[in-house]
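Student: Line order of the protein sequences matches chains S and L.
So in my numbering, spot 161 of the first sequence is number 161, and the numbers just go up one at a time.
So in my numbering, spot 59 of the second sequence is number 59, and the numbers just go up one at a time.
Built from N, CA and C at the ideal position, the CB exists for glycine as well.
For clarity, every value in this text was computed on a predicted model and none was experimentally measured.
There are 2 protein chains.
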Amino acid sequence: MVQSLQKPNQTKRERLAEREEAIVAAAREAFVEGGLRGARMAQIAERAGVAEGTLYLYYKNKSDLMRAVVAQHWDDLTRGAHQAVEQANDEPVAQLEGLTRFHLDLLITDWPLLELSFALTYMEGDDPPSSYKRDYVIVLDGVLRRGKDKGVFVADADIRVLRDMLFGTLEYAARSALLLDERKRQEHCDHTLSALMTAMLAVLQRSGEPAQAPDVVDRLEAAIDRLEAVASSAG
Amino acid sequence: MVQSLQKPNQTKRERLAEREEAIVAAAREAFVEGGLRGARMAQIAERAGVAEGTLYLYYKNKSDLMRAVVAQHWDDLTRGAHQAVEQANDEPVAQLEGLTRFHLDLLITDWPLLELSFALTYMEGDDPPSSYKRDYVIVLDGVLRRGKDKGVFVADADIRVLRDMLFGTLEYAARSALLLDERKRQEHCDHTLSALMTAMLAVLQRSGEPAQAPDVVDRLEAAIDRLEAVASSAG
DNA sequence: CCATCGAATTGAGCAACCCTCATAATGTAT
DNA sequence: ATACATTATGAGGGTTGCTCAATTCGATGG
Chain S
1 MVQSLQKPNQ TKRERLAERE EAIVAAAREA FVEGGLRGAR MAQIAERAGV AEGTLYLYYK
61 NKSDLMRAVV AQHWDDLTRG AHQAVEQAND EPVAQLEGLT RFHLDLLITD WPLLELSFAL
121 TYMEGDDPPS SYKRDYVIVL DGVLRRGKDK GVFVADADIR VLRDMLFGTL EYAARSALLL
181 DERKRQEHCD HTLSALMTAM LAVLQRSGEP AQAPDVVDRL EAAIDRLEAV ASSAG
Chain L
1 MVQSLQKPNQ TKRERLAERE EAIVAAAREA FVEGGLRGAR MAQIAERAGV AEGTLYLYYK
61 NKSDLMRAVV AQHWDDLTRG AHQAVEQAND EPVAQLEGLT RFHLDLLITD WPLLELSFAL
121 TYMEGDDPPS SYKRDYVIVL DGVLRRGKDK GVFVADADIR VLRDMLFGTL EYAARSALLL
181 DERKRQEHCD HTLSALMTAM LAVLQRSGEP AQAPDVVDRL EAAIDRLEAV ASSAG
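(1) Tell me whether residue 176 (chain L) is buried or exposed, calling it buried when 16 or more other Cβ atoms sit within 10 Å of its Cβ.
(2) Below 7 Å between beta carbons is the criterion; list the residues of the stretch 149 to 161 of chain S that meet it against any residue of chain L, in chain order.
(3) What are the complete alpha helix (DSSP H) segments, minimum 4 residues, inside the stretch 31 to 77 of chain L?
(4) 8 Å is my cut-off, CB to CB: does residue 88 (chain L) come that close to chain S?
(5) Which residues of chain S have a Cβ atom closer than 7 Å to the Cβ of residue 172 (chain L), listed in chain order?
(6) Less than 8 Å between CB atoms is the rule here; does residue 208 (chain L) satisfy it with respect to chain S?
(7) Could you tell me if residue 170 (chain S) is buried or exposed, where buried requires 16 or more neighbouring beta carbons within 10 angstroms of its beta carbon?
(8) For the stretch 68 to 98 of chain S, enumerate the residues whose C-beta is nearer than 8 Å to any C-beta of chain L, in chain order.
(9) For a contact defined as C-beta to C-beta under 7 Å, what are the partners of residue 144 (chain S) on chain L?
(10) Measuring only the C-alpha atoms, how far is residue 88 (chain L) from residue 96 (chain L)?
(11) Can you tell me the Cβ-Cβ gap for residue 45 (chain L) and residue 55 (chain L), rounded? I've got them flagged as a contact below 8 Å.
(12) If residue 47 (chain S) sits next to residue 30 (chain S), beta carbons under 8 Å apart, how far is it from one beta carbon to the other, in whole angstroms?
(13) Tell whether a beta-carbon distance below 8 Å holds between residue 99 (chain S) and residue 153 (chain S).
(14) Terminal residues of the continuous alpha helix (DSSP H) containing residue 203 (chain S)?
(15) Starting from the N-terminal side, write out each stretch of the alpha helix (DSSP H) that is 4 residues or longer and does not extend beyond the stretch 145 to 181 of chain S.
(16) State the DSSP-derived secondary structure class of residue 98 (chain L), mapped to helix, strand or coil.
(17) Determine, for residue 46 (chain S), whether the minimum Cβ-Cβ distance to residues of chain L falls below 8 Å.
(18) Among the candidates S:11, S:71 and S:43, whose CA atom is the shortest distance from the CA of residue 132 (chain S)?
(19) Please determine, among L:14, L:139, L:49 and L:12, the residue with the shortest C-alpha to C-alpha distance to residue 27 (chain L).
(20) Is it right to say residue 92 (chain S) is buried, meaning 16 or more other beta carbons lie within 10 angstroms of its own, or is it exposed?
(21) Note down, in chain order, each residue of its chain lying with its Cβ closer than 7 Å to the Cβ of residue 24 (chain S), except the 5 sequence neighbours on either side.
(22) State the Cα-Cα distance for the pair residue 116 (chain S) and residue 122 (chain L), rounded to the nearest angstrom.
(23) May I have a chain-ordered list of the alpha helix (DSSP H) segments no shorter than 4 residues that lie completely inside the stretch 107 to 135 of chain S?
(24) If you check the beta carbons only, do residue 143 (chain L) and residue 85 (chain L) fall under 8 Å apart?
(25) Going by beta carbon distance, what residues of the same chain come within less than 8 Å of residue 139 (chain L), once the five residues before and after it are set aside?
(26) DSSP three-state label for residue 228 (chain S), please.
(27) Here's the rule: buried if 16 or more other CB atoms are within 10 angstroms of the residue's CB, otherwise exposed. What is residue 11 (chain S)?
(28) Going along the chain, which residues of its own chain have a beta-carbon closer than 7 Å to the beta-carbon of residue 159 (chain S), five neighbours each way excluded?
(29) Taking 8 Å as the CB-CB limit, is residue 11 (chain L) close to chain S?
(30) Work out the CA separation of residue 201 (chain S) and residue 231 (chain S) for me, nearest whole Å.
(31) Checking 8 Å against the spacing of the C-beta atoms, do residue 127 (chain L) and residue 179 (chain S) come in under that value?
(32) Nearest-angstrom Cα distance between residue 166 (chain L) and residue 16 (chain S)?
(33) Cβ closer than 8 Å: which chain S residues qualify as neighbours of residue 119 (chain L)?
(34) DSSP three-state label for residue 141 (chain S), please.
(35) Answer with buried or exposed for residue 57 (chain L), where buried requires no fewer than 16 other C-beta atoms within 10 angstroms of its C-beta.
This is the structure:
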């Protein structure tokens, strides 16, 4: 017996979307509780109020269903990341710090879900900058590009390297943090953020030379260029 | 029928050790080919020349067997890491660079096996600085500690943070590198190593000062913002 | 050399689980 | 009301990790 009669004033498309959302929600719960292996398709079906076979009309297998859960979550997060960047108005260093802080907080609060994403990477061989995560990562690219355009960051800094540094460091840092008790965790996060900013700025602001005095002159000149541009457009 | 008759001149203990090694070797092959999920216990048993039930006399389940494979590999690597450090005689910065280069090379050449280690972390919830990896990670701790003792590194640098930075960055960098073709890969590794050294030294050699002191550029930019506001309101 | 006994090994079978597919229910158009 | 296409069902197939009663091995002592 097919379960639910169609509610009134509901198009066919809406009903299917609603059912799909129920499936994804049930899957999210189950995967968070038990991981890719621990979750049971039968349980997901039951929680979604659907027969087991129905799951396979929407997703071709278990991994694919988990991919959907993870993709949806990255979409939500991407919006948050954009917001964190926009909050720091047009100041690249502040934007970078905002994004970094946002990402670390995220890793810690949403760890169980993000762990699923990492599991997909290692179990199913999904590329990590793949589909779901890609839009999220692009937020960083934008911050760095704008920083370069403004002359605050050196032009020859390798974006890919910075990306690995930021996301790699923070993923490990989050795992370390989660092993600590509540009190020490905050301290560890603060240390991580401050060290990571120091580290990234060292690369972003004088990548050419080895440990020397910060190249104030170049940055000053860049600022002057902008000043002159404003002045001439005002004249 | 129990398979192999005991070879001459072989004690019971030796025979068991040999059999265990055969099992681990077979398991390593199978896991590298198919991952935790793709590998089949039946296939491992066959390759090891042993009945399926015998596997469970040595390891209590599939995950446990994979743990043994991974642990053995980390042991080998730890020796290599020590060697890489000792090669740079007593110069902390050079030691750090040696270890960093060694680890990145390792990640790239041994990726399939190390991927198994990461999979265990995400599928079985093993702590990443757990058992097998711990001895390896300690090599870095030694380098940093000696650097501090010699006064080359500032004393208040947080070792945990540096650890996350080094291993996190390199893991992500290795994955990025593996997506590139042979030619670009070398370039990417060079960039990564140089950037990471710059970054870590920035933290290790002057962590005392506030991360980014309000300097001339910041004040200039603040002035520019005010100017821009004036200019736009005048236009 | 034989008998004995604990340790080691075997592999058929069990239980769990993902996924398929023949069948049924439902919504829609004529 | 009838016919058709779409969507849903859930019992069953096939695979796999793991168990355990039965069997074999090998050291020891008489």
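Tutor: Checking against the coordinates, here is how it stands:
(1) Start at 1 with the first residue of the second sequence, and residue 176 (chain L) comes out as number 176. The residue is buried, with at least 16 neighbouring Cβ atoms inside 10 Å.
(2) The stretch 149 to 161 of chain S vs chain L, Cβ under 7 Å: 158, 160 and 161.
(3) Counting whole runs of 4 or more residues, the stretch 31 to 77 of chain L contains the alpha helix (DSSP H) stretches 41 to 48 and 52 to 58.
(4) Looking up residue 88 (chain L) in the second sequence gives position 88. So, not an interface residue.
(5) If you number the second sequence from 1, residue 172 (chain L) lands on position 172. Under the 7 Å cutoff, chain S gives 164, 167 and 168.
(6) Within the second sequence, the letter at position 208 stands for residue 208 (chain L). Residue placement at residue 208 (chain L) is flagged as unreliable, the pLDDT there being 49, under the threshold of 50; a coordinate-derived value is accordingly withheld.
(7) As a working note, residue 170 (chain S) is residue 170 in the first sequence. Under a 10 Å Cβ-count criterion, residue 170 (chain S) is classified as buried, with 16 or more other Cβ atoms of the shown protein chains found around its own Cβ.
(8) Along the stretch 68 to 98 of chain S, the positions whose C-beta sits under 8 Å from a C-beta of chain L are 91 and 93, read in chain order.
(9) Within the first sequence, numbered from 1, the residue matching residue 144 (chain S) stands at position 144. Simply none; closest approach about 13 Å.
(10) As a first step, residue 88 (chain L) must be located in the second sequence, where it is residue number 88. As a first step, residue 96 (chain L) must be located in the second sequence, where it is residue number 96. Looking at the two C-alpha atoms, the distance is approximately 9 Å.
(11) Indexing the second sequence from 1 puts residue 45 (chain L) at position 45. Indexing the second sequence from 1 puts residue 55 (chain L) at position 55. That belief holds up - the Cβ atoms of residue 45 (chain L) and residue 55 (chain L) are roughly 6 Å apart, short of 8 Å.
(12) The count along the first sequence starts at 1 and reaches residue 47 (chain S) at position 47. The count along the first sequence starts at 1 and reaches residue 30 (chain S) at position 30. About 7 Å; that satisfies the 8 Å criterion.
(13) Within the first sequence, numbered from 1, the residue matching residue 99 (chain S) stands at position 99. Within the first sequence, numbered from 1, the residue matching residue 153 (chain S) stands at position 153. Contact flag unset, no.
(14) Locating residue 203 (chain S) in the first sequence gives position 203, counting from the first residue. Residues 182 to 205.
(15) Taking only runs of at least 4 residues, the alpha helix (DSSP H) segments lying wholly in the stretch 145 to 181 of chain S are 159 to 178.
(16) One-based indexing of the second sequence puts residue 98 (chain L) at position 98. If DSSP states are grouped into helix, strand and coil, residue 98 (chain L) belongs with the helices.
(17) Stepping through the first sequence from its first residue, residue 46 (chain S) is reached at position 46. Using a CB distance cut-off of 8 Å, residue 46 (chain S) does not count as an interface residue toward chain L.
(18) Counted from its first residue, the first sequence places residue 132 (chain S) at position 132. If we check each option's Cα against that of residue 132 (chain S), S:71 comes out closest.
(19) As a position in the second sequence, residue 27 (chain L) is number 27, starting the count at 1. Minimum Cα distance to residue 27 (chain L) is reached at L:49.
(20) On the first sequence, residue 92 (chain S) is found 92 positions in, with the first residue counted as 1. Answer is buried; the Cβ neighbour count reaches 16.
(21) Counted from its first residue, the first sequence places residue 24 (chain S) at position 24. When the five nearest sequence neighbours on each side are left out, the beta carbons in the same chain lying within less than 7 Å of the beta carbon of residue 24 (chain S) are those of 68, 69 and 72, in order along the chain.
(22) The sequence position of residue 116 (chain S) within the first sequence is 116, counting from 1. The sequence position of residue 122 (chain L) within the second sequence is 122, counting from 1. Between residue 116 (chain S) and residue 122 (chain L), the C-alpha separation is close to 8 Å.
(23) Restricted to the stretch 107 to 135 of chain S, the alpha helix (DSSP H) segments that are unbroken, complete and at least 4 residues in length are 111 to 124, listed in chain order.
(24) Working through the second sequence from its first residue, we reach residue 143 (chain L) at position 143. Working through the second sequence from its first residue, we reach residue 85 (chain L) at position 85. Yes.
(25) As a working mapping, residue 139 (chain L) is identified with position 139 in the second sequence. Spatial neighbours of residue 139 (chain L) in its own chain (CB-CB distance under 8 Å, excluding positions within 5 residues in sequence) are listed in chain order as 78, 81, 82, 85 and 99.
(26) For the purposes of this step, residue 228 (chain S) is taken as the residue at position 228 of the first sequence. Of the three classes helix, strand and coil, the one that applies to residue 228 (chain S) here is helix, per DSSP.
(27) Here residue 11 (chain S) corresponds to residue number 11 of the first sequence, with the count starting at 1. Per the 10 Å Cβ criterion, exposed.
(28) One-based indexing of the first sequence puts residue 159 (chain S) at position 159. 141 and 144, listed in sequence order.
(29) Looking up residue 11 (chain L) in the second sequence gives position 11. At least 8 Å separates the CB of residue 11 (chain L) from every CB of chain S.
(30) In the first sequence, residue 231 (chain S) corresponds to position 231, counting from 1. In the first sequence, residue 201 (chain S) corresponds to position 201, counting from 1. One C-alpha to the other measures close to 29 Å.
(31) Here the question's residue 127 (chain L) lines up with position 127 in the second sequence. Here the question's residue 179 (chain S) lines up with position 179 in the first sequence. The Cβ atoms of residue 127 (chain L) and residue 179 (chain S) sit closer than 8 Å to each other.
(32) One-based indexing of the second sequence puts residue 166 (chain L) at position 166. One-based indexing of the first sequence puts residue 16 (chain S) at position 16. In this structure, the CA atom of residue 166 (chain L) is about 47 Å from the CA atom of residue 16 (chain S).
(33) Counting from 1 along the second sequence, the entry for residue 119 (chain L) is found at position 119. Result: 119, 122 and 123.
(34) Numbered from its first residue, the first sequence carries residue 141 (chain S) at position 141. Annotated three-state conformation of residue 141 (chain S) is helix, per DSSP.
(35) What you label residue 57 (chain L) is simply residue 57 of the second sequence in a count that begins at 1. Residue 57 (chain L) should be labelled exposed.
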